[in-house]
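S.K.: Can you keep this structure in mind? I'll have questions shortly.
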Amino acid sequence: MHGLHESLPGRLPAFLPQQRWFGGKARTISACEIEDTADLPVADRDVAVVIAGVLYSDGVQERYALLLSCLPDARGLPSLGRLGDPAGPWIVEAATDSEAARALLRSFTGDGHIPTRRGGVLRYADVGPVARRDLANAATTVKAVGAEQSNTSLRVGSTLAFKLFRRLQPGENPEVEVGRFLTSRTAFRAMSALEGSLTYFPPSRQPATLGVLQTWIDNRGDGWSYVLAALDEHLRTGTRPPQLTPDLTRLGAITADFHAALESDDSVEAFRPEPVHAGDIDTWSAQMRDRVSGAFALIDARLDSWPDETRRLGASILSKSHFAPAVAAAGRSAPCPFHKMRIHGDYHLGQTLKTPSGFAIIDFEGEPAAPIASRRQKHCALKDVAGMLRSFEYAIERASDHRPDIADRLRVSPGLRDPFLDGYLRSAASRGTASIPADRPALARWLTFYELEKALYELEYEVNNRPEWAHIPLRGILRALDTPAA
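Take any residue in the sequence shown, count from 1 to its spot, add 1284: that is its number in my numbering.
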């Protein structure tokens, strides 16, 4: 695309904040640059992968991937304006355009690499048999699926899905690493098998994962939608949804199966379970103390601006500040030995799909805002369990329209926690896992620890993004401080 390097940097500061996948909306962009481009082979148009560097006013730098195309008209695609003179072609962000997306995917069946203009390379790897067969078929369609969030997802024919990672971080994305391990070294199949990976290798920097190709899972929607619909039906009809309890028990068992698969092959160092040592507990406790301290400061600063109910919850938490050190030191009061392992890291109902046979687990990349190195760290498996339990709380609050009396009723009937925990703990016990405490009081303390950790994270997120939802994590924090296990 002649002239792109000259015209694009000045247009990106206004364009990027309008895109759902752009994560720097809360910052001020100082400057953008085109770090690299890779021209894709397309007969009738210009299509290129563009690696854009973004510099913020606070000194933070990020890299984003765009798939740009030049077209005679914008076709409703996100536009960066015309290239060159006022009659020139439109520059559009074309990741959701079928022809541009096919150009990006074509090399999964080709020679496996595309050189970039600055001496780097796009490398296609991990290509599976389904990908080779279906991408070689000219009739295979490519279309956007779901709402764009931090990534862009495409459905490829009826058998594959491709995810384009927008914010590029150094190192292999856990979505690829975990998917490769589960696909090649385990029998666990309640997930999308890895069918291909796309990596950007800069000329002088650490490579970054650009995309992942996986098998498509036929589903009836995600777990969040399924649970909400069941709760809505319960409130509307007054009857207990017949399948909800057995389905959540099944979800708990599938979660335990997932954890069992992740710890099943100790020949791979990155997935080898390791005994938890005093140093680990000291680190987790110190991190918890920092979170607790930050949360109390945040509550104190925002308390007067909150509505009555939210302010009451915040005040109750501040009155229990003397309980917080005991919760932060849960490991010292529950020293029952267990192993740390690789986990999902961002586990909630939205990371599952409801399938005819149960559930499938998706999105192994971990918390997208965290550095890849921290996402690859090993933890207690209960961290994932706590994430799902907190997701149940959000579903209950959403279904009850944030009315405490109805929310309390839903916690009892139909209830979500107990069947999930029953399924998880039964399956984990049957496998003899060493990655959760075998002693039930110790297990309860650690589960409270991780639920509090998650609620503290949620509080910061809600205050900064959805302040009207701050009461949800506040209730979770209050319950954690009040529970006997604390």
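Every residue gets a Cβ at the ideal spot worked out from N, C-alpha and C, and that includes glycine.
It should be emphasised that the depicted structure is a prediction, and the values quoted were computed from it without experimental measurement.
Helix, strand or coil for Ile1398? Go by DSSP, reduced to three states.
M.R.: Note: Ile1398 maps to strand in three-state DSSP.
S.K.: Quick one: using the 10 Å Cβ neighbour count with 16 as the cut-off for buried, is Asp1418 buried or exposed?
M.R.: Its Cβ being crowded by 16 or more others within 10 Å, Asp1418 is buried.
S.K.: Please go through the same chain and pick out, in chain order, the residues whose beta-carbon is closer than 8 Å to the beta-carbon of Val1429, but skip the five residues on each side of it.
M.R.: Same-chain partners within the cutoff: Ser1437, Leu1438, Arg1439, Ala1445.
S.K.: Exposed or buried, which one is Ala1659 when buried takes at least 16 other CB atoms within 10 Å?
M.R.: Here residue 1659 is Arg; the residue named in the question, Ala, does not match the sequence. Answer is buried; the Cβ neighbour count reaches 16.
S.K.: Beta-carbon within less than 6 Å of Gly1634's beta-carbon, same chain only, minus the 5 sequence neighbours each way: which residues are those?
M.R.: Excluding residues within five positions, the ones whose Cβ falls inside 6 Å are Asp1506, Trp1508.
S.K.: Report all residues from its chain with a CB closer than 7 Å to the CB of Thr1523; omit the five preceding and five following residues, and keep chain order.
M.R.: Cβ within range, chain order: n/a, list empty.
S.K.: Report the rounded CA-to-CA distance for Pro1373 versus Pro1301, giving the unit in angstroms.
M.R.: Their Cα atoms are separated by approximately 23 Å.
S.K.: Can you check whether the CB of His1543 is closer than 9 Å to the CB of Met1672?
M.R.: Taking 9 Å as the Cβ cut-off, Met1672 and His1543 do not qualify as a contacting pair.
S.K.: Does DSSP put Gln1498 in a helix, a strand or coil?
M.R.: Gln1498 falls in the strand class under three-state DSSP.
S.K.: Using only the alpha-carbon positions, how far apart do Cys1354 and Ser1391 sit?
M.R.: Computed Cα separation, rounded: 21 Å.
S.K.: Ala1384: which of Pro1325, Arg1724, Gln1345, Asp1369 sits nearest, CA to CA?
M.R.: Out of Pro1325, Arg1724, Gln1345, Asp1369, Pro1325 has the C-alpha closest to the C-alpha of Ala1384.
S.K.: Cβ atoms of Glu1742 and Pro1757: under 9 Å apart, would you say?
M.R.: Yes; because the gap between Cβ atoms is below 9 Å, this pair is in contact.
S.K.: With a threshold of 7 Å on Cβ separation, who are the neighbours of Gly1294 within its own chain once the five nearest residues in sequence on each side are excluded?
M.R.: No residues qualify anywhere along the chain.
S.K.: Could you tell me which of Glu1735, Leu1532, Gln1571 sits nearest to Thr1636, measuring between CA atoms?
M.R.: Minimum Cα distance to Thr1636 is reached at Leu1532.
S.K.: At the level of alpha carbons, what is the spacing between Phe1306 and Arg1451?
M.R.: If you take the alpha carbons of Phe1306 and Arg1451, they lie about 8 Å apart.
S.K.: Going by C-alpha to C-alpha distance, which of Ile1761, Ala1570, Met1572, Gly1480 sits closest to Val1414?
M.R.: Nearest of Ile1761, Ala1570, Met1572, Gly1480 to Val1414, Cα basis: Gly1480.
S.K.: Are there three or more Cβ pairs, one per stretch, closer than 8 Å when the region 1553-1567 is compared with the region 1577-1588?
M.R.: Touching, no, given that fewer than three Cβ pairs across the two stretches are closer than 8 Å.
S.K.: Give me the Cα-Cα distance between Asp1502 and Leu1587, rounded to the nearest whole angstrom.
M.R.: Roughly 46 Å between the two C-alpha positions.
S.K.: In whole angstroms, what separates the C-alpha of Gly1404 from that of Ile1538?
M.R.: Using only the alpha carbons, I get a separation of about 41 Å.
S.K.: Where do the N-terminal and C-terminal ends of the beta strand (DSSP E) with Thr1639 fall, by residue?
M.R.: Start and end: 1636-1639.
S.K.: Output the boundary residues of the alpha helix (DSSP H) element that contains Tyr1678.
M.R.: First-last of the alpha helix (DSSP H) with Tyr1678: 1666-1683.
S.K.: For Trp1753, name the three-state secondary structure that DSSP assigns.
M.R.: DSSP places Trp1753 in helix when its eight states are reduced to three.
S.K.: Within 10 angstroms of the Cβ of Arg1729, are there 16 or more other Cβ atoms? Answer buried if so, exposed if not.
M.R.: The residue in question, Arg1729, is buried, as its Cβ has 16 or more Cβ neighbours within 10 Å.
S.K.: Since Asp1506 sits in a beta bridge, which residues does DSSP pair it with?
M.R.: Leu1637.
S.K.: With distance defined between alpha-carbon atoms, name the residue in Val1344, Arg1347, Asp1369, Gln1345 nearest to Pro1356.
M.R.: Considering only alpha carbons, the answer is Asp1369.
S.K.: Could you tell me if Asp1647 is buried or exposed, where buried requires 16 or more neighbouring beta carbons within 10 angstroms of its beta carbon?
M.R.: With 16 or more Cβ atoms within 10 Å of its Cβ, Asp1647 is classed as buried.
S.K.: Over the uninterrupted beta strand (DSSP E) stretch that includes Glu1377, give me the two end residues.
M.R.: It spans 1374-1377 - the beta strand (DSSP E) in which Glu1377 sits, taken as one unbroken run.
S.K.: Taking the alpha-carbon positions, what's the Phe1704 to Leu1519 distance?
M.R.: Roughly 21 Å between the two C-alpha positions.
S.K.: How big is the Cα-Cα spacing for Lys1667 and Asp1323?
M.R.: Rounded to whole angstroms, Lys1667 to Asp1323 spans 43 Å at the Cα level.
S.K.: Report the CB separation of Gly1394 from Leu1478 in whole angstroms; it is logged as a contact under 8 Å.
M.R.: Not really, about 19 Å apart at Cβ, beyond 8 Å.
S.K.: Taking the Cβ atom as the reference point for each residue, do Leu1296 and Ala1336 lie within a distance shorter than 9 Å?
M.R.: Yes; because the gap between Cβ atoms is below 9 Å, this pair is in contact.
S.K.: Nearest to Gly1455 by CA position, among Leu1482, Gln1490, Leu1466, is which residue?
M.R.: With distances taken between Cα atoms, Gly1455 lies closest to Gln1490.
S.K.: What are the uninterrupted segments assigned as beta strand (DSSP E) that are 3 or more residues long and contained completely in the region 1296-1373, given in chain order?
M.R.: Counting whole runs of 3 or more residues, the region 1296-1373 contains the beta strand (DSSP E) stretches 1313-1323, 1330-1340, 1345-1355, 1363-1366.
S.K.: Taking all protein chains shown into account, decide if Thr1425 is buried (16 or more other Cβ within 10 angstroms of its Cβ) or exposed.
M.R.: Exposed, by the Cβ-count rule.
S.K.: In this structure, how does DSSP classify Tyr1631 when only helix, strand and coil are distinguished?
M.R.: Note: Tyr1631 maps to coil in three-state DSSP.
S.K.: From which residue to which residue does the beta strand (DSSP E) around Ala1644 run?
M.R.: Per DSSP, Ala1644 belongs to the beta strand (DSSP E) from 1642-1645.
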